[in-house]
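According to our numbering, the sequence shown is numbered sequentially starting from 3.
What follows is one structure encoded as structure tokens, with my remarks underneath.
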Amino acid sequence: ASRYGAGLIGSVINAMIRVYYFVRDEQRTQQAGPFVLHKGQIETVRFPSPLAAGGKLAIFSRGAEVNISSFGNLSTDTPFLNRALDAGQAKSLNEGFNLNGTGPAKVIAFYTPPAEIPAT
Numbered sequence: 003a004s005r006y007g008a009g010l011i012g013s014v015i016n017a018m019i020r021v022y023y024f025v026r027d028e029q030r031t032q033q034a035g036p037f038v039l040h041k042g043q044i045e046t047v048r049f050p051s052p053l054a055a056g057g058k059l060a061i062f063s064r065g066a067e068v069n070i071s072s073f074g075n076l077s078t079d080t081p082f083l084n085r086a087l088d089a090g091q092a093k094s095l096n097e098g099f100n101l102n103g104t105g106p107a108k109v110i111a112f113y114t115p116p117a118e119i120p121a122t
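Next comes the structure, spelled out in structure tokens:
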């Protein structure tokens, strides 16, 4: 089970405004980007440390629609995604994943490794 905490984007939306928030663990959360994309541009997102099962991946986009090779599209209606990674996802994403811009957009990604459980 993954309780909300550091590493996931949340939102509050009403008829007048959309607010997005991200809780970052200052000591563990890693950032990739921001990437500035143009139409047809492809960027590869890689984090400095290997991704692990139980880690949290959050991606936020602003601007035109962005296709993410492993996750689908981010648009103005769905500008972010959150994933708690399982072992298979972590292994396949360790080499990075691609962002493909369909127009002007900015994308930023965060990875928060799983919390280490102290030995008893």
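We treat Cβ as the ideally placed atom computed from N, Cα and C, and that holds for glycine.
All of these numbers come straight from a predicted model, not from anything done at the bench.
{"Check": "Do the stretch 16-34 and the stretch 43-61 make contact, defined as three or more Cβ pairs closer than 8 Å?", "Outcome": "yes"}
{"Check": "What are the complete alpha helix (DSSP H) segments, minimum 4 residues, inside the stretch 74-111?", "Outcome": "89-95"}
{"Check": "Could you give the C-beta distance for A60 and I11, rounded to a whole number, given that I count them as a contact under 8 Å?", "Outcome": "5 Å"}
{"Check": "Could you check whether K58 and A92 sit closer than 8 Å to each other, using their CB atoms as the reference points?", "Outcome": "no"}
{"Check": "Would G42 be called buried (16 or more neighbouring beta carbons within 10 Å of its own) or exposed?", "Outcome": "exposed"}
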